[in-house]
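Engineer: Residues 39 to 205, numbered by our numbering, are exactly what the sequence shown covers, in order.
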Amino acid sequence: MAPRKANQAKVFYTESLMGRVDLVMALAPVRTQSFEDWPFDESDSPCRPDKMSEAGFYFVGYSEEPDLVRCYYCRRELGGWEPNDDPWTEHARRPCPFIKLGKKPEQLTVEDLYRLEDERLAHIFMTQCEAKLEELKETGKSVRDKIIGLPNSTTNAKQTRSKRKRK
Ligand SMILES: [Zn+2]
Numbered sequence: 039m040a041p042r043k044a045n046q047a048k049v050f051y052t053e054s055l056m057g058r059v060d061l062v063m064a065l066a067p068v069r070t071q072s073f074e075d076w077p078f079d080e081s082d083s084p085c086r087p088d089k090m091s092e093a094g095f096y097f098v099g100y101s102e103e104p105d106l107v108r109c110y111y112c113r114r115e116l117g118g119w120e121p122n123d124d125p126w127t128e129h130a131r132r133p134c135p136f137i138k139l140g141k142k143p144e145q146l147t148v149e150d151l152y153r154l155e156d157e158r159l160a161h162i163f164m165t166q167c168e169a170k171l172e173e174l175k176e177t178g179k180s181v182r183d184k185i186i187g188l189p190n191s192t193t194n195a196k197q198t199r200s201k202r203k204r205k
């Protein structure tokens with residue numbers, strides 16, 4: 039499976055307003071329910087809905103990426119699942135505070151939940167900041183290109199000064 043590019047997720051982050059949109063996905067049974075149209079729902083499949091949910095994922099697929107999932111905690115999006123993929127193993131290939139903790143959802147303490155939520159919100163905030171920074175860089179570059187493209191602005195200024203001197 040392949041991780042989704044960060045800029046593709048930008049719209050979601052902008053809309054999510056500090057992660058409130060999917061707050062309900064903190065609950066593993068709700069994450070499991072999101073896999074209604076999941077293709078791997080056989081009981082012996084390592085990536086059946088309850089196993090995906092147990093590994094922190096919920097379903098965000100759409101027509102072009104029908105098996106796309108997102109981790110509630112690290113926000114990473116993965117698609118291209120194979121029937122024998124193990125969600126914990128696949129998830130562990132990337133840094134994630136939930137996976138690092140190594141507990142199943144039913145083993146999480148209230149303290150764990152608060153810490154994970156802190157890290158989740160910090161991640162969302164950082165992503166929003168990075169997206170804004172990229173936007174500002176692009177605006178800066180565009181303004182710079184316009185200034186450079188102005189017709190002989192430096193030469194004209196010199197000519198005006200030298201004409202004044204001659205008077
Ligand atoms: Zn994660």
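Using N, Cα and C, we set each Cβ at its ideal position, and we do this for glycine too.
(1) When you compare the CB positions of H161 and C85, do they come within less than 8 angstroms of one another, or not?
(2) Under 8 angstroms between the Cβ atoms of Y96 and R69?
(3) Indicate whether R108 and V98 have their beta-carbon atoms separated by less than 8 angstroms.
(4) Are the beta-carbon atoms of W150 and L139 separated by less than 8 angstroms?
(5) Spatial neighbours of I185 within its chain, please: CB distance less than 7 angstroms, with the 5 preceding and 5 following residues excluded, ordered by chain position.
(6) Hey, which unbroken runs of the alpha helix (DSSP H) at 4 residues or more fall wholly within the stretch 87-171?
(7) R131: which of P143, K141 and L116 sits nearest, CA to CA?
(8) Following a CB-centred definition, is C85 positioned closer than 7 angstroms to any heavy atom of ligand 1?
(9) Going by Cα to Cα distance, which pick from K175, E168 and L159 is closest to V59?
(10) What does the alpha-carbon distance come out to for the pair Y152 and R182?
Structural biologist: Checking against the coordinates, here is how it stands:
(1) no
(2) Judged by beta-carbon spacing, R69 lies within the 8 angstroms limit of Y96, meaning their Cβ atoms are closer than that value.
(3) yes
(4) Correcting the residue type first, residue 150 is Asp in the shown sequence and not Trp. Yes.
(5) Non-local beta-carbon contacts of I185 in its own chain, meaning distances under 7 angstroms to residues more than five positions away in sequence, are absent.
(6) 87-92, 125-129 and 135-139
(7) L116
(8) no
(9) L159
(10) When rounded, the distance between both Cα atoms is 45 angstroms.
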